[in-house]
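S.K.: Read in our numbering, the sequence shown has 108 at position 123, and its numbers run on one by one without any break.
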Amino acid sequence: MGDRDRLVQVLLNLVKNAAEAIRNTGQDGEITLLTSYRPGIRVAVPGTAQWRHLPLVVTVRDTGPGISETVRPHLFEPFVSTKINGSGLGLALVGKVMDDHGGVIEVESRPGCTEISLFLPIVDHMSHSG
-14 MGDRDRLVQV
-4 LLNLVKNAAE
6 AIRNTGQDGE
16 ITLLTSYRPG
26 IRVAVPGTAQ
36 WRHLPLVVTV
46 RDTGPGISET
56 VRPHLFEPFV
66 STKINGSGLG
76 LALVGKVMDD
86 HGGVIEVESR
96 PGCTEISLFL
106 PIVDHMSHSG
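Encoded structure:
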């Protein structure tokens, strides 16, 4: 499907950010990882008439305070962080890895619930010679 180590790093970054968001509330919270296979998901490829199939969906959901609407459009840009000691590189890496893998990121956030969903293609790298 892709570079395993880089995809694991994506998930670790998202879970770490979720944990830090919950910790900053001073309350207990939950982080949920959801995976699903949705073969009907297709996304238009910008600048072309082509569609990309992205059937694998991985969602990281947390019960933290949510992401402000002013930060959300810049969430995956380098050096954007709401943390005092944050470098702003973790989510930039997430965005880069997803781009490199032909994936799409969707963010939904409100107070008490943030969901970051990763939509990925499934690529069969096995030879079909027979």
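Glycine residues also receive a C-beta, built at the ideal position from the N, C-alpha and C atoms.
Being a predicted model, the structure only gives us computed values, none of them experimental.
Mapping the DSSP letters down to three states, classify E15 as helix, strand or coil.
M.R.: Along the sequence shown, read from residue 1 onward, the residue named residue 15 stands at position 30. Coil at E15, not helix or strand.
S.K.: Contact between the region 92 to 109 and the region 37 to 51: three or more CB pairs below 8 Å?
M.R.: Verdict: yes, contact present.
S.K.: Along the chain, where does the beta strand (DSSP E) containing I101 start, and where does it finish?
M.R.: Along the sequence shown, one-based indexing puts residue 101 at 116. Looking at the DSSP string, the run of the beta strand (DSSP E) that includes I101 is 98 to 105.
S.K.: In three-state terms, what does DSSP make of E54?
M.R.: Within the sequence shown, numbered from 1, the residue matching residue 54 stands at position 69. Coil.
S.K.: Can you give me the start and stop residues for the beta strand (DSSP E) that A29 sits inside?
M.R.: For the purposes of this step, residue 29 is taken as residue 44 along the sequence shown, with counting starting at 1. Segment 27 to 29, the beta strand (DSSP E) holding A29.
S.K.: Assign D(-12) to one of three DSSP states: helix, strand, or coil.
M.R.: Locating residue -12 in the sequence shown gives position 3, where the first residue counts as 1. In this structure, D(-12) counts as coil in the three-state DSSP scheme.
S.K.: Quick test of your reading: V42 and L(-1), contact by CB under 8 Å. State the CB separation rounded to the nearest angstrom.
M.R.: Here residue 42 corresponds to residue number 57 of the sequence shown, with the count starting at 1. Here residue -1 corresponds to residue number 14 of the sequence shown, with the count starting at 1. About 13 Å; that fails the 8 Å criterion.
S.K.: State the start and end residues of the unbroken alpha helix (DSSP H) segment that holds L41.
M.R.: One-based indexing of the sequence shown puts residue 41 at position 56. Taken as a continuous stretch (DSSP letters only), L41 belongs to no alpha helix (DSSP H), being part of the beta strand (DSSP E) at 41 to 47.
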